[in-house]
Amino acid sequence: MSTTAIILAAGRGTRMKSAMPKVLHNVCGRPMLAHVMDACRQAGCDRLIVVVGFGAEQVRKAFAGAADVVWVEQTEQLGTGHAVMVCGEHLDGLDGPVLIVAGDGPLVRGETLAELLEAHARAGAACTLATCILDDPKAYGRILRDGAGELIGIVEYLDADEAQRAVGEVNVSLYCYDARRLREALGRLTNDNAKGEYY
C-alpha cells in the first residue's frame, strides 16, 4: 500500500509582498517547499502531488528533477478544499493513506508526519488531523468538540461565533485521510461560508 502526500503550494503569499511564489522563499538556504517535500518523504510518502497556482512554472522549474512529484495546477485559488479537489484524477484508485500538508510550513518534521500516519492507522479513522492549543489563537480555524471531547468540526475564524472564537484549540493544516473516504468527502464540499471558498 502506498502513501501519498498532497502538498498545497498554490498560494500567492500576498502578505510577503514578493513577486516570488511563497513556497520558493528560502528558509535555512532552501525553498520552503523543499523542506516540506523532504518531511513527506521521511514520513514514508512514495508519491507527492504538489498543487501549484501562482508562479506555477517557477515552482515546477525549481523542482524539475523530482521524479516522485505529480504537478497539479489550481488555476483559481478557491480554498484549500478546492486545491485538493483539483487533484481528483490522481486520487482515483488510491487505497492507502493520503497526507494533506501546507507547502509553506518548512518547520514540519518527518517524525511529526510519521506520527500522524501511525495515529491514523491505529484509529482506523476516515480522517486524522493535528491540532494545537494556543493562548492567543488569532485568526486560525477553531477545533470544535462535543461534551465527550470528540471532534465535531472545524470552523474558520470568519465563520465562528463569539463562543467558538474563544476556543484555544486550532487547526494546524496537517491531515491524514483514508483515500476512499477523502474522495467521498470531496464530493460533499461546499463554499457556503464567509469567504466563499472550499475548505
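Those letters in the sequence shown? Residues 1405 to 1603, per my numbering, in order.
No residue lacks a Cβ here, since even glycine has one placed at the ideal position from N, Cα and C.
Pull up the distance between the alpha-carbon of residue i and that of residue j, whole angstroms please.
i, j, result
"R1585", "L1498", "11 Å"
"I1556", "Q1568", "12 Å"
"G1615", "N1597", "What the structure shows of the chain is the stretch from 1405 to 1603, and residue 1615 is not part of that stretch, so it cannot be assessed."
"V1512", "L1538", "17 Å"
"R1416", "G1500", "31 Å"
"A1438", "Q1478", "20 Å"
"T1594", "L1482", "11 Å"
"A1527", "V1502", "15 Å"
"K1465", "Y1603", "28 Å"
"F1633", "E1461", "Outside the displayed range of the chain (1405 to 1603) lies residue 1633, so it cannot be described from this structure."
"L1520", "E1588", "21 Å"
"L1428", "T1408", "22 Å"
"Y1561", "K1599", "10 Å"
"C1659", "A1583", "Since the first and last residues shown for the chain are 1405 and 1603, residue 1659 lies out of range."
"C1491", "V1476", "6 Å"
Using C-beta distances below 6 Å, list every residue in its chain close to residue i, excluding the 5 sequence neighbours before and after it, in chain order.
i, result
"H1494", "I1453 and V1474"
"E1601", "L1482, G1483 and N1595"
"V1571", "R1546"
Which same chain residues, not among the five before or five after residue i, have their C-beta less than 8 Å away from its C-beta?
i, result
"C1536", "E1573, V1574 and V1576"
"A1525", "P1501"
Can you name the residues that DSSP bridges to residue i?
i, result
"P1425", "The partner list for P1425 (beta bridge, DSSP) is empty, contrary to what the question assumes."
Residue ranges of each alpha helix (DSSP H) run of no fewer than 4 residues wholly in the region 1511 to 1595, ordered along the chain?
1514 to 1527, 1566 to 1569 and 1583 to 1590
Could you check whether the region 1440 to 1454 touches the region 1506 to 1515, counting it as contact only if at least three pairs of C-beta atoms, one from each stretch, sit closer than 8 Å?
yes
Quick check for students: name the residue ranges of the beta strand (DSSP E) that lie wholly in the region 1441 to 1508, counting only runs of 3 or more.
1451 to 1456, 1473 to 1477 and 1501 to 1506
Evaluate the contact criterion for the region 1543 to 1554 versus the region 1574 to 1583: three or more CB pairs, one atom per stretch, below 8 Å.
yes
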